[in-house]
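What follows is a single structure, written as structure tokens, with notes after it.
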Ligand SMILES: [Mg+2]
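Numbering (our numbering), first residue to last: 382 to 884.
Okay, structure coming up:
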């Protein structure tokens, strides 16, 4: 963790810290009276590979108990990433850009060829509100998507009798997944062996302590049940807190089995947790500060604390349940925890010089293509005897130059190819970067910029910015911004150098 012992105002200027919180909308942390936290994959980070592998094995066991021939299936951690979309109609998993255009696709566990993607998806816009699509919102979705893809392979090979199509198959996977989470065996395995599954972050408790002592009301709002939450929070936090303090002292309100996203949209009944083993008492007059509750709804949090929605920052990892709905319905400020961001930023940094070289080559390619088009138009006009012309080159001379440009284009393309491939495989060889789809933003990036005011890799990244930071969004770029116009000017100058044929 980079934290500078700032001793003078000079030092602040001389040692700017690398930003760890990325800002879509300006957010003044000083104006936040309360900070709410989700627990799973937010305050507590799991070892994704082990957690998902264990979830996969439990679900697989449930299927085997129903007579399905799944003994040989294994969880493949490299197969899926967050932000992909399951196409329940066709048994595919796709990655789209921010407009919903499919850029990559797998059918089952096999990548689809570019021509096949075009054939199937040329007329399709992926609209996440439609029933056909299932967005992979969280790291908990990895085992589900992996299992679905493997089962599509088996269904195609006619090895799943009684299943009539991909949509039915998906419903079956979803149901069995939910059942596995509910039956408790999976969570028992996690709770009985947290060393194996939890990736401890000693600095997360310090970040919360800073916020607590800065006067913020801290809230825990989790969908997990009380006994699980109590054990996991105690395991991950108590050892790092000073004196006799425990995790419970940090929070003004603890809400378990919150049923997000419904917590933000409907008025669920409220219960108070009155004993360590989770005994419940119905509550009819709202929440009170320092209470531990089950259920309820977001409006009761605002009433209990006497604050407005825009004075609460909610931090979670689930794009729909934690940030989309809380922002849309309650107008809470939102922060998304995107753990993969660390590796993503690292991969992008490691590729920086190659990316610059790739951008230069692409500019050169664009200039050559543009020059070629202008030469072609000039030749067309000359051949058909119309329009103005510059210079006195003959048709044969123009055709000769066009041939030279074509040869240059081939050389540039050969240089671009390996760099473009490496760029497309950054972070994941199958899907590339989480936040990009080709040169554009991915659907995930679109969701993040739309619903998360800020995003960060982990809760302890708040330490870099302090509870008093004014987080400013950077000025967004537009296609007609001056820097981009300069790039277009460069294309023009290469056009002219190629024969002065631009008109
Ligand atoms: Mg979570």
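Quick reminder that beta carbons are idealized off the backbone N, C-alpha and C, glycines included.
>> According to DSSP, residue 579 sits in a beta bridge with which residue or residues?
In response: What you label residue 579 is simply residue 198 of the chain shown in a count that begins at 1. DSSP output for residue 579 lists 427 as bridge partner(s).
> Between residue 394 and the rest of its own chain, which residues show a CB-CB distance below 8 Å, the 5 nearest in sequence each way excluded?
Replying inline: In the chain shown, counting from the first residue as 1, residue 394 sits at position 13. At residue 394 the pLDDT is 49, less than 50, meaning the model places this residue with poor confidence; the figure from the coordinates comes in the next sentence. Here the set comprises nothing.
>> Are there any heavy atoms of ligand 1 lying less than 7 Å away from the beta-carbon of residue 422, as far as the coordinates show?
In response: As a working mapping, residue 422 is identified with position 41 in the chain shown. For ligand 1, at least one heavy atom lies less than 7 Å from the Cβ of residue 422.
> Under 7 Å from any heavy atom of ligand 1, does the C-beta of residue 580 make it?
Replying inline: Residue mapping note: residue 580 aligns to position 199 of the chain shown, counting from 1. Incorrect: residue 580 has no Cβ contact closer than 7 Å to ligand 1.
> Near residue 864, which residues of its chain fall below 6 Å by C-beta distance, leaving aside the five closest residues on each side in sequence?
Replying inline: Counted from its first residue, the chain shown places residue 864 at position 483. Taken in chain order, the list of residues that qualify is empty.
> Rounded to the nearest angstrom, how far is the Cβ of residue 597 from that of residue 414, given a contact under 8 Å?
Replying inline: Here residue 597 refers to the residue found at position 216 of the chain shown. Here residue 414 refers to the residue found at position 33 of the chain shown. With 8 Å as the limit, residue 597 and residue 414 qualify as a contact, their Cβ atoms being about 7 Å apart.
>> Give me the DSSP bridge partner(s) of residue 601.
In response: As a working note, residue 601 is residue 220 in the chain shown. Looking at the DSSP assignment, residue 601 forms a beta bridge with 418 and 635.
> Enumerated in chain order, which unbroken segments of the alpha helix (DSSP H) with a length of 4 residues or greater are wholly contained in the stretch 430-512?
Replying inline: 495-502
> Contact between the stretch 717-724 and the stretch 819-839: three or more CB pairs below 8 Å?
Replying inline: yes
>> Can you look up residue 521 in the DSSP assignment and give me helix, strand or coil?
In response: For the purposes of this step, residue 521 is identified with residue 140 of the chain shown, where counting begins at 1. It is helical.
> Got a sec, what are the start and stop residues for the beta strand (DSSP E) residue 402 sits in?
Replying inline: Walking along the chain shown from the start, residue 402 turns up at place 21. That run of the beta strand (DSSP E) goes 402-404.
>> Considering just the uninterrupted stretch of the alpha helix (DSSP H) at residue 750, what are its terminal residues?
In response: As a first step, residue 750 is located in the chain shown; it is residue number 369 there, counting from the start. Segment 733-765, the alpha helix (DSSP H) holding residue 750.
> So does residue 519 have its beta carbon nearer than 7 Å to some heavy atom of ligand 1?
Replying inline: Your numbering for residue 519 matches position 138 in the chain shown. At least one heavy atom of ligand 1 is nearer than 7 Å to the Cβ of residue 519, so yes.
> Distance, Cα to Cα, residue 684 vs residue 809?
Replying inline: Your numbering for residue 684 matches position 303 in the chain shown. Your numbering for residue 809 matches position 428 in the chain shown. Between residue 684 and residue 809, the C-alpha separation is close to 45 Å.
> Are residue 479 and residue 823 touching if we call contact CB-CB under 8 Å?
Replying inline: Numbered from 1 along the chain shown, position 98 holds the residue referred to as residue 479. Numbered from 1 along the chain shown, position 442 holds the residue referred to as residue 823. In contact: residue 479 and residue 823 (Cβ atoms closer than 8 Å).
> DSSP state of residue 893, grouped into three classes?
Replying inline: Because the chain here runs from 382 to 884, residue 893 falls outside it and cannot be looked at.
> What is the rounded straight-line gap between the Cα of residue 383 and the Cα of residue 462?
Replying inline: In the chain shown, the residue the question calls residue 383 occupies position 2. In the chain shown, the residue the question calls residue 462 occupies position 81. Residue placement at residue 383 cannot be trusted, given a pLDDT of 47 that sits under 50; the coordinates are not used to answer.
> What are the boundary residues of the beta strand (DSSP E) that includes residue 715?
Replying inline: Locating residue 715 in the chain shown gives position 334, where the first residue counts as 1. Counting along the chain, the beta strand (DSSP E) containing residue 715 begins and ends at 714-718.
> How many angstroms separate the CA atom of residue 736 from the CA atom of residue 746?
Replying inline: On the chain shown, position 355 is the one that residue 736 refers to. On the chain shown, position 365 is the one that residue 746 refers to. Cα to Cα, residue 736 sits roughly 15 Å from residue 746.
>> Please classify residue 585 as buried or exposed, where buried requires at least 16 other C-beta atoms within 10 Å of its C-beta.
In response: In the chain shown, residue 585 corresponds to position 204, counting from 1. Residue 585 should be labelled buried.
> Can you pull the DSSP bridge partners for residue 838?
Replying inline: The residue given as residue 838 occupies position 457 in the chain shown. Residue 838 is not bridged to any residue.
>> Tell me the rounded alpha-carbon separation between residue 791 and residue 471.
In response: As a working mapping, residue 791 is identified with position 410 in the chain shown. As a working mapping, residue 471 is identified with position 90 in the chain shown. When rounded, the distance between both Cα atoms is 37 Å.
>> Looking only at its chain, what residues have a beta carbon closer than 7 Å to the beta carbon of residue 642, apart from the 5 residues adjacent to it on each side?
In response: Numbered from its first residue, the chain shown carries residue 642 at position 261. So the qualifying residues of the chain are 701, 702 and 706.
> Pairing CB atoms from the stretch 527-537 with CB atoms from the stretch 550-565, are three or more of them under 8 Å?
Replying inline: yes
> Nearest CA to the CA of residue 848: which residue from 587, 442, 814 and 465?
Replying inline: Reading the chain shown from its first residue, position 467 is the one you call residue 848. Cα-wise, what sits closest to residue 848 is 587.
> Mind checking residue 397: buried by the 16 CB within 10 Å criterion, or exposed?
Replying inline: In the chain shown, the residue the question calls residue 397 occupies position 16. Confidence at residue 397 is low in this model, with a pLDDT of 45, below 50, so its placement is unreliable and no value can be given for it.
> Using DSSP with H/G/I as helix, E/B as strand and the rest coil, what is residue 776?
Replying inline: Indexing the chain shown from 1 puts residue 776 at position 395. Correct three-state label for residue 776: helix.
> Measuring CA to CA, which of 574, 484, 509 and 694 is closest to residue 497?
Replying inline: On the chain shown, residue 497 is found 116 positions in, with the first residue counted as 1. Selected option, being the one with the closest Cα: 484.
> What residue from 753, 804 and 426 has the CA that sits closest to residue 787's CA?
Replying inline: The sequence position of residue 787 within the chain shown is 406, counting from 1. For residue 787, the nearest C-alpha among the options comes from 753.
> Under the rule that 16 or more other beta-carbon atoms within 10 Å means buried, what is residue 401, buried or exposed?
Replying inline: Taking the chain shown and counting its residues from 1, one reaches residue 401 at position 20. Flag for residue 401 reads buried.
> Tell me which same chain residues have a C-beta within less than 8 Å of the C-beta of residue 449, skipping the five on either side of it?
Replying inline: Within the chain shown, residue 449 is the residue found at index 68, counting from 1. Answer for residue 449: 541, listed in chain order.
> So does residue 699 have its beta carbon nearer than 7 Å to some heavy atom of ligand 1?
Replying inline: As a working mapping, residue 699 is identified with position 318 in the chain shown. Yes, since a heavy atom of ligand 1 falls inside the 7 Å radius drawn around the Cβ of residue 699.
>> Taking DSSP's pairing of strands, which residues face residue 823 in a bridge?
In response: Residue 823 sits at position 442 when you count from the first residue of the chain shown. Residue 823 is bridged to 478.
> Quick one: what's got a C-beta closer than 7 Å to residue 612's C-beta in the same chain, skipping five residues either side?
Replying inline: Reading the chain shown from its first residue, position 231 is the one you call residue 612. Hits under 7 Å: 572.
> Skipping 5 residues on each side, what residues in its chain have a beta carbon closer than 6 Å to that of residue 607?
Replying inline: One-based indexing of the chain shown puts residue 607 at position 226. Within the same chain, residue 607 has close Cβ partners 637, 654 and 659.
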